[in-house]
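Protein chains in written order, with full-length UniProt numbering: chain S, 1 to 344; chain W, 1 to 364.
Every residue, glycine too, gets a C-beta built ideally from N, C-alpha and C.
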């Protein structure tokens, strides 16, 4: 990702209608990965003759308007010719309405294009998105460019705009784009998903299967081992005076090492035994319950094959009752373990 | 299509769909979230290429969920308004070159508690009404929070579809069809697929600017540097965590609920059998009485009374459906598998932790 540093400048304001005061506060853009993925997907599905595609960004705005979080995006059809641009506004409006129905908390925050270039058409579209009425007014509309040129790095930029132009006609198709800082952020919940997706990044067919618990554990352990390896290699090379030493680094490593807890062996032994017993008991019980239920269902559906009538009916019932008694006992035990766990 | 198609063998999910589902499900957690999947069927592999969430509709509780808590989101996929919503959405996304074929639907789950009537009815609705080749993707939010993504694809088996259509779930029919709880769902392997752009995007995420880095000047500089921030794809060590109690507790709760449900079903069934026995007793009595009466009438040379009138006079109770208990068993199986897989990982972790803290012990 581009490591740019930013200086916040108050952007010039356009003609203000009385009563609404647009803010000039600095703006920070947060992008969630699913929005980027949507944009990339759209870019793949563009028509062969299209250089870039555009779409609408949706998300949330913090209360003071200082942070915009882009959560999702949808594609909007458009066509560009030498001297004119057509954006399917009807489509945008309908799609926006549909989207808001399912995500009532998200609002329109701006638009994206899949080329880093900014031109007159960009200004035109930007003015539409930031305009009053359908646009994001009085908040600035965010314009996100994600370059998807083959063979080059993906470059993401975020902009807001300020109106420029001498006359009203000129102002309609021009805008001063001001770059704003952005940040890619994902939540706890996305982490496991992204990890799985990232698994596929080195494979030829770009796909992977969902891991089981044990496989995931194995991977995590391997990663930790690799990290420890890397660190110890670094430390060794410092000791051998091959790499420059750094006090800060040493201090950091020392702090990390100090995190290892110091516990009495007896305590560990006790905790360990308690926990491992809990785990195994629950596993045992879960499987017992499963077997019992299956047995009960089998008996219930099998009893009539024995000839039908009252005799088998009662025996089947007796069977079930027995089972229920057994289960009742087990259930109590189960409850006991559950409470034990709550205590633990 | 006229020619016989190969049955669906696998599901290939685009990374975009994975992220969208995760976002939607975790946003609404712990209430269930549902949405629609679109994609294409390529030679037995269902490629899911996009998805969109369903709006939550307030709907009157339908009569056949008499005891279930009203859960508008769970029933959303087959609500009337959502069928319209889906059609509208498909029409819209077709215009921007997205594969606008229905490929199924997704739902969120909490600790694998997804085997219930809602899921069955939704999937039945999809497989019957819309398109036979559809899947239900189940994303387990709480299991994913533990470190490894849990995303599974299910279909109703043909056998179950057949039985569900005619509601053949009494003992006799079940014997005939030999339908068991294992046969309700077919699980399809899920594969996650990235587009080229996403692959390159992820590569870029993981190795940010390859500029040579200077050694940090102080500890605080190190802590505030971009490397210790978690904005880039840090390795995920959630599954190394040793907290096992919440998981086991939750599972125990769910298991207890299942046992309760099972007991209710068994009681229902016993009640049915008692009533059936009583009615049969009554019928037998009546038949005997009628036979005696007819015998006396025969000796008196009077016309005989009909012997099959009991069919009108007595009504045999209908047998309760075994579907609920079948589903319950399937659910318990799901729980116990889940516990098993958890235990296998946890015991390993625990022995490792012990060995680490007590180095002397393991050497012995």
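Interface partners of residue i on chain S, CB under 9 Å
i, result
"residue 202 (chain W)", "194, 197, 198, 200, 201"
"residue 20 (chain W)", "34, 37, 38, 72"
"residue 251 (chain W)", "282, 286"
"residue 9 (chain W)", "Simply none; closest approach about 13 Å."
Partners in chain S for residue i, counting only beta-carbon separations shorter than 8 Å
i, result
"residue 320 (chain W)", "Under the 8 Å cutoff, chain S gives no residues; its nearest Cβ is about 11 Å from residue 320 (chain W)."
"residue 145 (chain W)", "188, 189, 192"
"residue 12 (chain W)", "207"
Contacts that residue i makes with chain W (C-beta to C-beta distance below 9 Å)
i, result
"residue 233 (chain S)", "Under the 9 Å cutoff, chain W gives no residues; its nearest Cβ is about 16 Å from residue 233 (chain S)."
"residue 75 (chain S)", "93, 95, 96, 97, 98"
"residue 91 (chain S)", "92, 95, 96"
Contacting residues, own chain, Cβ-Cβ under 6 Å from residue i (five flanking each side not counted)
i, result
"residue 255 (chain W)", "335"
"residue 307 (chain S)", "Annotation note: pLDDT 44 at residue 307 (chain S) (below 50); position unreliable, no value reported."
"residue 352 (chain W)", "none"
"residue 184 (chain W)", "160, 330"
"residue 148 (chain S)", "43, 114"
"residue 241 (chain W)", "none"
"residue 358 (chain W)", "none"
"residue 198 (chain W)", "15"
"residue 310 (chain W)", "283, 286"
"residue 9 (chain W)", "44"
"residue 146 (chain S)", "39, 114, 156"
"residue 20 (chain W)", "51"
"residue 332 (chain W)", "258"
"residue 122 (chain W)", "77, 78"
"residue 170 (chain W)", "319"
"residue 133 (chain W)", "8, 41"
Sequence-distant residues of its chain with Cβ nearer than 8 Å to residue i (five each side left out)
i, result
"residue 252 (chain W)", "none"
"residue 100 (chain W)", "38, 90, 91, 93, 94"
"residue 294 (chain W)", "304, 305, 307"
"residue 207 (chain S)", "200"
"residue 121 (chain S)", "80, 85"
"residue 313 (chain W)", "286"
"residue 97 (chain S)", "none"
Same chain, Cβ closer than 7 Å to residue i, neighbours up to 5 away in sequence not counted
i, result
"residue 30 (chain W)", "110"
"residue 47 (chain W)", "12, 39, 40"
"residue 136 (chain S)", "108, 109, 110, 129, 130"
"residue 211 (chain W)", "For residue 211 (chain W), the pLDDT reaches just 48, beneath the cut-off of 50, and the residue's location in the model is therefore unreliable, although a value from the coordinates is still provided. The answer is none, since no qualifying residue turns up."
"residue 78 (chain S)", "54, 85, 86, 87, 88"
"residue 272 (chain W)", "317, 319, 320"
"residue 305 (chain S)", "The predicted model places residue 305 (chain S) with a pLDDT of 47, which falls under 50 and marks its position as unreliable; any figure quoted below should be read in that light. Nothing listed; no residue qualifies."
"residue 265 (chain W)", "324, 325, 328"
Proximal chain W residues relative to residue i, where beta-carbon distance stays under 8 Å
i, result
"residue 187 (chain S)", "26"
"residue 101 (chain S)", "55, 85"
"residue 95 (chain S)", "92"
"residue 214 (chain S)", "341, 344, 345, 348"
"residue 206 (chain S)", "193, 194, 195, 196, 199"
"residue 43 (chain S)", "197"
Within chain S, partners of residue i - CB distance below 7 Å
i, result
"residue 329 (chain W)", "293, 294, 297"
"residue 189 (chain W)", "209"
"residue 332 (chain W)", "289, 290, 293"
CB-CB length for residue i against residue j, believed under 8 Å
i, j, result
"residue 85 (chain W)", "residue 35 (chain W)", "11 Å between Cβ atoms; not a contact."
"residue 25 (chain W)", "residue 193 (chain W)", "With 8 Å as the limit, residue 25 (chain W) and residue 193 (chain W) do not qualify as a contact, their Cβ atoms being about 20 Å apart."
"residue 35 (chain S)", "residue 62 (chain S)", "That pair is no contact at about 17 Å."
"residue 279 (chain W)", "residue 320 (chain W)", "The Cβ separation is near 15 Å, so there is no contact."
"residue 343 (chain W)", "residue 279 (chain S)", "5 Å"
"residue 276 (chain S)", "residue 350 (chain W)", "6 Å"
Partner residues on chain W for residue i, Cβ-Cβ distance less than 7 Å
i, result
"residue 179 (chain S)", "Residues of chain W passing the Cβ test: none, with the nearest at roughly 17 Å."
"residue 283 (chain S)", "339, 340, 343"
"residue 115 (chain S)", "By Cβ distance, chain W contributes nothing, its closest Cβ being about 14 Å from residue 115 (chain S), past 7 Å."
- Query: What residues in the region 151 to 164 of chain S bring their beta carbon closer than 8 Å to a beta carbon of chain W?
  - Reply: Within the region 151 to 164 of chain S, the qualifying residues are 153, 154.
- Message: To be precise: take each residue of the region 343 to 361 of chain W, compare its Cβ to all Cβ atoms of chain S, and keep it if any distance is under 9 Å. Which residues remain?
- Response: 343, 344, 345, 346, 347, 348, 349, 350, 351, 352, 353, 354, 356, 357, 358, 360, 361
- Of all the alpha helix (DSSP H) runs that stay within the bounds of the region 220 to 293 of chain S, which reach a length of 4 or more residues? 247 to 257
- Query: Quick one: complete beta strand (DSSP E) runs, 3+ long, within the UniProt domain "MPN" (29 to 165) of chain S?
  - Reply: 54 to 61, 67 to 76, 78 to 80, 85 to 87, 107 to 113, 142 to 147, 155 to 163
- Message: Which residues of the region 259 to 274 of chain W have a Cβ closer than 8 Å to any Cβ of chain S? Give them in chain order.
- Response: 259, 262, 263, 266, 269, 270, 273
- Task: Identify each residue in the region 101 to 122 of chain W for which the Cβ-Cβ distance to at least one residue of chain S is less than 9 Å, and report them in chain order.
- Result: For the region 101 to 122 of chain W, which is checked against every Cβ of chain S, not one residue is closer than 9 Å.
- Message: I'd like the ranges of any alpha helix (DSSP H) spanning at least 4 consecutive residues and lying wholly in the UniProt domain "MPN" (11 to 160) of chain W.
- Response: 15 to 28, 72 to 75, 80 to 95, 117 to 125, 141 to 144
- Can you list, in chain order, the residues of the region 243 to 273 of chain S whose Cβ is nearer than 7 Å to any Cβ on chain W? 244, 246, 248, 249, 251, 252, 263, 265, 268, 272
- Item | Complete runs of the beta strand (DSSP E) confined to the region 169 to 221 of chain S [at least 3 residues] | 175 to 180, 182 to 184, 207 to 209
- Got a sec: which bits of the region 133 to 150 of chain S sit with their beta carbon under 7 Å from any beta carbon on chain W, in order along the chain? 148
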